[in-house]
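So the sequence shown is numbered by the working numbering: it starts at 9 and just counts up by one.
Cβ coordinates follow ideal geometry from the N, Cα and C atoms, glycine included.
Here is the structure we will look at, set down as C-alpha cells.
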Amino acid sequence: MKRVLNNRLREFKLASTRWFDSDLAKLRQVVDALNGGGWLDNKDRAALVSFVDLWDRSERNIWKSPFVDEVVSSEALGKRFSLANLQRAWSWKLLPLPNEKSLRIIMNATGFEWIPEQNETTPAGTDLAVVFAGVLITNPLRIRLSGPCERCGRWFIKKQLRREPKTNTCSRQCRDAVRSPKRNKEVRAHQKRHKLELACYWMEKWKELSEREKRKYTDWKDFVETKTETEPIPLSLSLSKQSRDALPLSKKFLTRAVNDKKLKPPREGKTK
Ligand SMILES: [Zn+2]
9 MKRVLNNRLR EFKLASTRWF DSDLAKLRQV VDALNGGGWL DNKDRAALVS FVDLWDRSER
69 NIWKSPFVDE VVSSEALGKR FSLANLQRAW SWKLLPLPNE KSLRIIMNAT GFEWIPEQNE
129 TTPAGTDLAV VFAGVLITNP LRIRLSGPCE RCGRWFIKKQ LRREPKTNTC SRQCRDAVRS
189 PKRNKEVRAH QKRHKLELAC YWMEKWKELS EREKRKYTDW KDFVETKTET EPIPLSLSLS
249 KQSRDALPLS KKFLTRAVND KKLKPPREGK TK
C-alpha cells in the first residue's frame, strides 16, 4: 500500500514539476482527483471536496468568510488546509530548463527556473489532499473549475466563462437531462426545503434579538430577507448550489410559507 502511494507521489511529482505542463493540465489533475480518479482515497477526496466547497461558499473570494476565517486567518493554523499547511506542502527548487530541440524555437537561451515541488519532508507535503488544494488555489485557471455537475455529480472544467450559466452541468447530455420538466420539479422541491431551513435559522436568531434591535427592521420578514441577502450561509446548513442561487428569501416567499403553514411566524413579544 505504502509503495503504491509512494509511486503515486512520484508520478504526481513528475507531472507537477515538468515545467512545460500547462496550467490546464494541472487543473485537469485536480479535477481528476476530485472525481476520484485514483489520486486520493475516499476520505482525502472528501476533504478536498470540502475545501473546494469552502472556497465556493466564499464566492471563490479568499478574503470572504468562511474561507478567510478557516484558511487565511492565523487562528486556523492548526487545521489541515490552513495557509501554513498549504505553504508547507511545497518547496521551491531551481531547475534547469530542459535542453530540447523544440524549445529552441521559442527560446533563444536556456536557463533555470523556479519550480514548486512537493515538499515530501513535511507532513503537509505528503498529504496529497493539501497538495491538490495548493495546486488548485494557485492555478490561474482556477475560476474555470466547475461542479459538481447537477446530474452526474462529476467535476469539470468550463470551456468558456459565461457570466451566469443557467445550469451547472458537465456536458450537453447532462444539461438536457437537467432541463427536463421532471427534474425541474425535483430541483424546486429541494430549493423549497433548503429555503425553509434557512428561514427557520434566521427566525430563531430574530427571537434572540432585543426589542431595540428588532426596531431596526419593519418586521421579522424584513429581518430574514436582509440577513439572507447580506450574511453568508450558516455553516450548519448545507445548501445546494441551486438553492443558493435562489436566495435571498423574499418577503413574498415568507408570507406564502406562513399561509401554507410551512412556517410558524415568531410570536411578537408584547411591549410591557
Ligand atoms: Zn454531468
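Sub-9 angstroms separation of residue i and residue j beta-carbons
| i | j | result |
| --- | --- | --- |
| S66 | V76 | yes |
| D52 | L144 | no |
| L32 | L204 | no |
| K259 | K215 | no |
| F164 | S188 | no |
| K34 | P240 | no |
| R236 | L217 | Correcting the residue identity first, residue 236 is Thr in this sequence and not Arg. Against a cut-off of 9 angstroms, the Cβ pair of L217 and T236 comes out as no contact. |
7 angstroms CB neighbourhood of residue i in its chain, flanking five on each side removed
| i | result |
| --- | --- |
| N127 | R96, A97, W98, S99 and G133 |
| V138 | R88, F89, N93, L94, A97 and A132 |
| A265 | L204, A207 and L271 |
| V195 | Q250 |
Residue i: CB within 8 angstroms of a non-hydrogen atom of ligand 1
| i | result |
| --- | --- |
| S179 | yes |
| R162 | yes |
| E158 | yes |
| C208 | no |
Residue i: first and last residue of the uninterrupted alpha helix (DSSP H) it sits in
| i | result |
| --- | --- |
| I151 | That residue, I151, is in no alpha helix (DSSP H); it is neither H nor E in DSSP. |
| E205 | P189 to E216 |
| K260 | K259 to N267 |
| G142 | L136 to I145 |
Same chain only: Cβ atoms within 8 angstroms of residue i, ignoring 5 sequence neighbours per side
| i | result |
| --- | --- |
| L22 | The pLDDT assigned to L22 is 48, lower than 50, so where the model puts this residue is not dependable, and the model offers no usable value. |
| S244 | Y209 |
Residue span of the beta strand (DSSP E) that contains residue i, given as start and end
| i | result |
| --- | --- |
| F120 | F120 to Q126 |
| W98 | W98 to P104 |
Sequence-distant residues of the same chain with beta carbon closer than 6 angstroms to residue i, five excluded per side
| i | result |
| --- | --- |
| A55 | A137 |
| P104 | F120 |
| L247 | H202 and I241 |
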